[in-house]
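Reviewing the structure listed below.
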Amino acid sequence: MSVRTPQERFIVPIGPQHPALKEPGHFEFTVDGEVVTGASVRLGYAHRGIEKATEGRNWIQNLYLLERVCGICSHIHASAYALGVESLAGVTVPPRAQAIRQLVAELERIHSHLLWLGVAAHESGFETLFMYTWRDRERVMDLLEAISGNRVNYSANVLGGVKFDISAEQADAILAGLEFLEERTDHYLEVIRTDALFVRRTSGIGVMTRRQAEVLGAVGPTARASGVPRDIRVEAPYMAYRDFPVVIVMDTAGDLKARVEVRIRELFECYRMIRVMLRDLPPGELSVRMPRRVPAGETVSRVEAPRGELFYFIKGNGTDQPERIKVRTPSICNMDSVIKLAVGHQLADMPMILAGIDPCFSCNDRSLVVRRSQSAAELWSWEALRLHGIEAYR
Amino acid sequence: MSGLQSLTAFLFFPGGLFLLAAGLIYEWVDRKLVAQLQNRIGPRWFQPFADMLKLFAKEEVVPDGSHHGLFVWLPVAGLAGVLAAALYVPMAGFPVSYHFAGDLIVTAYLLSLPTLCIGLAGSNTRDRFSLIGATRTLTQLFSYEVPFLLSLLGPALVAGSWEISQIADYAGGRWLVLTQPIGFVLALIGLMGKLELPPFDAPEAETEVVAGALTEYSGRGLALFHLAKVVALVVGLTLVAAFYLGGVQGILVFILKTILLLGVVAGLQALLARLRIDQTVGLWWRYGVILALLQWLVIIGWEVVTA
Amino acid sequence: MRIGAMLGDVLRSLVRAPVTELYPFERHPAPEHLRGQVVWNPEKCTGCGLCAMDCPALAIELTVVDKAAKKFIFHYHVDRCTFCAQCRVSCRQGCIELSSTIWELAALGRESYALEYGNVADAETLLAGGAVDNPATPAPS
Chain C
0 MSVRTPQERF IVPIGPQHPA LKEPGHFEFT VDGEVVTGAS VRLGYAHRGI
50 EKATEGRNWI QNLYLLERVC GICSHIHASA YALGVESLAG VTVPPRAQAI
100 RQLVAELERI HSHLLWLGVA AHESGFETLF MYTWRDRERV MDLLEAISGN
150 RVNYSANVLG GVKFDISAEQ ADAILAGLEF LEERTDHYLE VIRTDALFVR
200 RTSGIGVMTR RQAEVLGAVG PTARASGVPR DIRVEAPYMA YRDFPVVIVM
250 DTAGDLKARV EVRIRELFEC YRMIRVMLRD LPPGELSVRM PRRVPAGETV
300 SRVEAPRGEL FYFIKGNGTD QPERIKVRTP SICNMDSVIK LAVGHQLADM
350 PMILAGIDPC FSCNDRSLVV RRSQSAAELW SWEALRLHGI EAYR
Chain S
0 MSGLQSLTAF LFFPGGLFLL AAGLIYEWVD RKLVAQLQNR IGPRWFQPFA
50 DMLKLFAKEE VVPDGSHHGL FVWLPVAGLA GVLAAALYVP MAGFPVSYHF
100 AGDLIVTAYL LSLPTLCIGL AGSNTRDRFS LIGATRTLTQ LFSYEVPFLL
150 SLLGPALVAG SWEISQIADY AGGRWLVLTQ PIGFVLALIG LMGKLELPPF
200 DAPEAETEVV AGALTEYSGR GLALFHLAKV VALVVGLTLV AAFYLGGVQG
250 ILVFILKTIL LLGVVAGLQA LLARLRIDQT VGLWWRYGVI LALLQWLVII
300 GWEVVTA
Chain L
0 MRIGAMLGDV LRSLVRAPVT ELYPFERHPA PEHLRGQVVW NPEKCTGCGL
50 CAMDCPALAI ELTVVDKAAK KFIFHYHVDR CTFCAQCRVS CRQGCIELSS
100 TIWELAALGR ESYALEYGNV ADAETLLAGG AVDNPATPAP S
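Chains as they are written, first to last, in numbering that gives the first Met the number 0: chain C, 0 to 393; chain S, 0 to 306; chain L, 0 to 140.
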């Protein structure tokens with residue numbers, strides 16, 4: 000019978016295939032009994048080479064390619080891209096189009112937060128809350144299908160505006176849907192605050208102080224739950240956020256319960272804003288002509304996705320195809336906080352802490368080449384990228 | 000009982016095939032009830048049977064580094080334990096097939112056999128998830144077993160016997176749920192702990208340890224462990240109904256009372272979130288044992304006073 | 000702090016019907032603006048080819064039968080299409096529509112996914128080898 004020596008480490012792998020993860024990612028937790036003593040992460044399983052693929056397609060085709068970086072925040076990706084290209088081309092989008100873009104973005108935020116609430120409940124074993132929140136999420140998806148024509152990947156944007164208008168009946172349907180959703184959200188807020196078992200799984204778990212959040216670079220509701228007032232919609236308003244402003248929703252506790260609460264309270268802000276927008280939607284055109292060849296230049300486009308700050312760098316060279324597009328998604332900023340917070344908690348809390356940042360692995364897989372100071376910049380061809388993807392994971 | 004009668008009882012009715020079929024039907028009723036409470040439709044009636052058929056038809060993969068004999072025979076031992084336990088309880092409202100003095104303790108141990116087998120089976124492999132799941136299964140065994148046993152012994156105390164058939168006769172007609180409500184609650188919730196139903200499903204928490212101790216099992220082994228669980232469900236419900244709900248006289252009363260208990264179990268399943276393993280242990284040792292001892296004090300005090 | 004904060008929901012569900020739609024036995028009508036299969040109307044087409052150029056999935060190919068007389072054949076690959084409706088926006092003549100009734104597109108083989116829209120007479124001209132100003136399309140076999 001062998002005695003366990005101190006050097007032996009017991010590593011529990013979560014991923015790349017694991018029921019806790021909706022998408023592949025590899026987390027290694029070193030445990031001692033049930034207590035986690037170390038953590039590390041490895042990503043890259045959902046890398047598809049989208050940034051490279053944008054270089055071979057024209058500006059219009061890229062709108063739809065970039066929409067498919069993520070399934071839940073598809074519209075905001077397309078909007079960030081459209082805003083960047085429109086500023087490169089020096090085109091002013093009509094106010095009604097910006098307002099409709101913002102309307103769809105807020106409906107998407109509602110969809111994303113309700114989905115996340117169900118997933119968080121599922122990770123903690125609360126199947127009933129999962130079923131009910133996803134049932135109510137169907138309502139907002141029906142609304143989006145009625146106005147845009149599809150339940151996900153709404154394709155609301157064209158370069159220069161939006162594709163569709165909101166009629167009076169659709170506006171009434173949206174208001175009725177919002178009433179139903181607001182009543183249910185009230186109920187869910189009460190459930191997560193008062194259900195003894197759920198509170199025991201979320202309260203005091205994964206506490207991140209404000210200082211830690213600022214140092215680790217957390218964004219989105221994860222940071223706002225620790226008291227960091229970071230929200231691009233308020234700091235650098237885009238679309239129609241100057242006319243229809245939003246209030247930052249924050250919490251100071253910084254634990255899992257705070258993150259759940261912040262997302263649910265953000266839902267109320269969305270409902271309020273959509274109502275105001277439907278009442279005061281500016282009249283006008285839906286889109287404006289865009290040149291097929293966008294003038295050369297570089298631009299940066301920052302928007303607030305449901306998970307945090309989404310950052311696009313777009314470089315054009317005067318042709319009808321982009322030179323380089325760089326996408327930095329919020330999930331990769333929050334990933335480090337999971338690793339730092341995991342130590343000291345129980346293994347059973349790991350899926351919850353991971354779900355607390357609302358990870359979107361398909362969003363955050365980019366390839367990075369670290370440039371040493373002496374060597375020249377490398378540009379990889381499509382073939383080279385493909386070969387690297389095969390060799391690196393062998 | 001004659002040899003032929005014993006064989007029939009063990010293989011076909013009320014043990015054996017009837018019990019396996021009844022177990023799968025009860026599993027279906029449980030899933031359907033939980034689905035209705037979650038505002039959705041559940042599986043169709045043949046789903047558990049189809050699952051078992053499919054599993055038996057699959058290839059059994061024995062992982063490297065595990066003891067082959069243990070891996071294959073532990074599921075059989077687990078199922079055999081509960082099938083044997085069923086012979087001592089008034090299954091389907093019929094009188095017990097076998098009885099001897101003290102068979103309550105033997106039945107309780109036989110009902111714990113699948114849990115021990117699952118714990119051993121999980122420790123048998125090198126898989127991280129199985130080891131953690133096995134640890135959790137055995138930890139949970141040590142936490143709910145004491146209150147559960149004490150709650151089963153409460154009716155034994157008032158009946159003055161340790162033989163299930165005699166306790167069932169005494170309890171028949173006397174609704175002990177009214178005089179020993181704490182014992183009834185502990186018995187029902189202890190049964191949920193034994194069967195690893197939510198909120199006590201930390202040992203097989205899907206989102207943490209994939210499938211717990213059974214992660215490496217597929218095919219025949221998984222099917223046998225699953226059958227052991229559903230048979231334990233039926234036997235456990237029969238015991239609780241026979242002791243606390245005024246006995247099971249006849250098959251109709253049996254079905255009615257056990258389905259009623261299953262409804263309560265399904266309701267608790269739907270309502271509560273999962274407890275972490277340390278919270279489970281804390282709950283049982285802090286509240287479960289104290290309540291069980293309280294119930295015993297009341298019973299003993301009553302006996303002393305009325306003697 | 001209570002045990003079972005969802006008790007109200009759970010009890011109400013006991014007496015309500017489940018929300019599941021028993022598709023395909025129960026079918027709710029699709030919304031008016033649903034983006035289903037692409038439908039092409041050859042009447043107004045000028046052959047600009049913007050629909051084919053802007054399609055992100057390369058699902059559209061336009062074959063020229065007679066450029067001067069404005070006769071074209073529209074090849075549509077349903078299995079490549081992402082139903083984004085960019086073709087509808089790119090077409091300045093309004094030839095393209097996305098059907099809101101044809102959206103149940105599952106099939107057992109790929110044969111039904113290569114659609115051709117156009118006039119029958121144009122197709123016959125093409126097959127007889129009478130295409131005019133048609134460098135991109137290979138000679139029909």
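Every residue gets a Cβ at the ideal spot worked out from N, C-alpha and C, and that includes glycine. What you are looking at is a predicted structure, and each value in this text was computed from that prediction instead of being measured.
So if DSSP puts residue i in a beta bridge, which residue, or which two residues, is it bridged to?
i, result
"C:Ser286", "C:Gly160"
"C:Pro321", "C:Gly315"
"C:Thr298", "C:Ile313"
"C:Glu303", "C:Glu308"
"C:Phe9", "C:Val30"
"L:Arg1", "C:Asp194"
"L:Tyr75", "L:Ile59 and L:Leu114"
"C:Leu280", "None; C:Leu280 has no bridge partner."
"C:Arg327", "C:Phe310"
"L:Ile95", "L:Trp39"
"C:Gln345", "C:Val34"
Closest to residue i by C-alpha separation, out of the options, would be which residue?
i, options, result
"L:Cys50", "C:Leu42, C:Ala52, C:Ile59 and C:Glu54", "C:Ile59"
"C:Ala391", "C:Ala224, C:Leu42 and C:Tyr237", "C:Leu42"
"C:Gly138", "L:Ile2, L:Arg1, L:Val18 and L:Leu10", "Note on residue identity: the sequence assigns Arg, not Gly, to residue 138 of chain C. Among L:Ile2, L:Arg1, L:Val18 and L:Leu10, the Cα nearest to that of C:Arg138 is on L:Val18."
"C:Ile13", "C:Gly83, C:Ile338 and C:Arg385", "C:Ile338"
"C:Thr184", "C:Asp364, C:Ile356 and C:Cys269", "C:Cys269"
"S:Leu54", "S:Val304, S:Gly262, S:Tyr243 and S:Leu221", "S:Leu221"
"C:Glu382", "C:Ile273, C:Ala52, C:Ala354 and C:Arg95", "C:Ala52"
"S:Ala204", "C:Phe163, C:Pro15, C:Ala19 and C:Val11", "C:Ala19"
"S:Cys116", "S:Leu69, S:Ile299, S:Asp277 and S:Glu195", "S:Leu69"
"S:Leu236", "S:Phe9, S:Gln4, S:Gln37 and S:Leu18", "S:Leu18"
"C:Arg306", "C:Ala217, C:Glu144, C:Ser78 and C:Ile313", "C:Ala217"
"C:Pro23", "C:Val198, C:His46 and C:Leu255", "C:His46"
"L:Ala84", "L:Lys70, L:Glu115 and L:Trp39", "L:Trp39"
"S:Pro74", "S:Leu151, S:Asn123 and S:Thr206", "S:Asn123"
"L:Phe73", "L:Leu6, L:Arg11 and L:Val119", "L:Val119"
"C:Val246", "C:Leu255, C:Ala252, C:Pro236 and C:Arg301", "C:Pro236"
Along chain L, in chain order, which residues have C-beta atoms closer than 7 Å to that of residue i?
i, result
"C:Lys162", "Ala84 and Val88"
"C:Ile59", "Asp53 and Gln85"
Which residues of chain S have a Cβ atom closer than 8 Å to the Cβ of residue i, listed in chain order?
i, result
"L:Thr19", "Arg39 and Ile40"
"L:Arg15", "Asn38"
"L:Ser98", "None at all; the shortest Cβ gap to chain S is about 31 Å."
Which residues of chain L have a Cβ atom closer than 8 Å to the Cβ of residue i, listed in chain order?
i, result
"C:Thr127", "Met5, Asp8 and Val9"
"C:Thr193", "Met0, Arg1 and Ala4"
Starting from residue i, find everything on chain C with Cβ-Cβ shorter than 9 Å and list it in chain order.
i, result
"S:Ala265", "Near S:Ala265 there are no residues of chain C at all, since even the closest Cβ is about 11 Å away, more than 9 Å."
"S:Ala201", "Gly124 and Ala347"
So residue i contacts chain C; which residues on that side make the cut at Cβ distance below 8 Å?
i, result
"L:Leu33", "Glu144, Gly148 and Asn149"
Using a Cβ cut-off of 7 Å, pull out every chain C residue sitting near residue i, in sequence order please.
i, result
"L:Thr81", "Tyr63"
Going along chain S in order, which residues have a C-beta closer than 7 Å to the C-beta of residue i?
i, result
"C:Pro18", "Glu205, Thr206 and Val209"
Mind listing the chain L neighbours of residue i? Cutoff is C-beta to C-beta under 9 Å, in chain order.
i, result
"C:Arg56", "Pro55"
With a cut-off of 8 Å, do at least 3 Cβ pairs link the segment 211-218 of chain S to the segment 141-152 of chain S? No: fewer than three Cβ pairs fall under 8 Å.
Jot down the residue ranges of each uninterrupted alpha helix (DSSP H) in the segment 6-37 of chain S, minimum 4 residues, whole runs only, in chain order.
List check, alpha helix (DSSP H) in window: 15-36.
query = Does the segment 186-202 of chain S come within contact of the segment 328-339 of chain C, defined as at least 3 CB pairs closer than 8 Å?
reply = Verdict: no, contact absent.
- request: Entirely within the segment 15-72 of chain L and at least 4 residues each: give me those alpha helix (DSSP H) ranges in chain order.
  value: For secondary structure counted as the alpha helix (DSSP H) over 4 or more consecutive residues, the segment 15-72 of chain L holds these complete runs in sequence order: 49-53.
Checklist entry - Curious, which full-length alpha helix (DSSP H) runs of at least 4 residues does the segment 182-241 of chain S contain? => result Counting only unbroken stretches of 4 or more residues, the alpha helix (DSSP H) elements lying wholly within the segment 182-241 of chain S are 205-208, in sequence order.
**OP:** Could you pull out every unbroken beta strand (DSSP E) segment of at least 3 residues lying fully inside the segment 19-106 of chain C, listed in chain order?
**Re:** Qualifying beta strand (DSSP E) stretches, in chain order: 25-31 and 34-41.
- [ ] Mind listing, in chain order, the continuous alpha helix (DSSP H) runs of no fewer than 4 residues lying wholly within the segment 233-293 of chain S?
- [x] Secondary structure remark: continuous alpha helix (DSSP H) runs of at least 4 residues inside the segment 233-293 of chain S, in chain order: 250-270 and 276-282.
Query - Where the segment 142-154 of chain C meets chain D: residues whose CB sits under 8 Å from a CB there - result: Note that chain D does not occur in the displayed structure, where the protein chains are C, S and L.
Do the segment 93-112 of chain S and the segment 71-84 of chain S meet, that is, are 3 or more Cβ pairs less than 8 Å apart? Verdict: yes, contact present.
- prompt: Hey, which unbroken runs of the alpha helix (DSSP H) at 4 residues or more fall wholly within the segment 71-152 of chain S?
  reply: Complete alpha helix (DSSP H) runs here, min 4: 102-122.
| request: Please go through the segment 186-240 of chain C and give each complete alpha helix (DSSP H) segment of 4 or more residues, from N-terminal end onward. | output: The DSSP assignment places complete alpha helix (DSSP H) segments of no fewer than 4 residues inside the segment 186-240 of chain C at 195-201, 209-215, 219-223 and 231-234, in order along the chain.
*Sufficient close CB pairs (3 or more, under 8 Å) joining the segment 69-86 of chain C to the segment 158-168 of chain C*: With a cut-off of 8 Å, the segment 158-168 of chain C and the segment 69-86 of chain C count as touching, because enough Cβ pairs lie within range.
Quick check: the segment 257-273 of chain S against the segment 193-205 of chain C, are there 3 or more CB pairs under 8 Å? With the cut-off at 8 Å, the segment 257-273 of chain S and the segment 193-205 of chain C touch.
### Query
Touch check for the segment 135-151 of chain C and the segment 161-169 of chain C: three-plus C-beta pairs under 8 Å?
Yes: at least three Cβ pairs fall under 8 Å.
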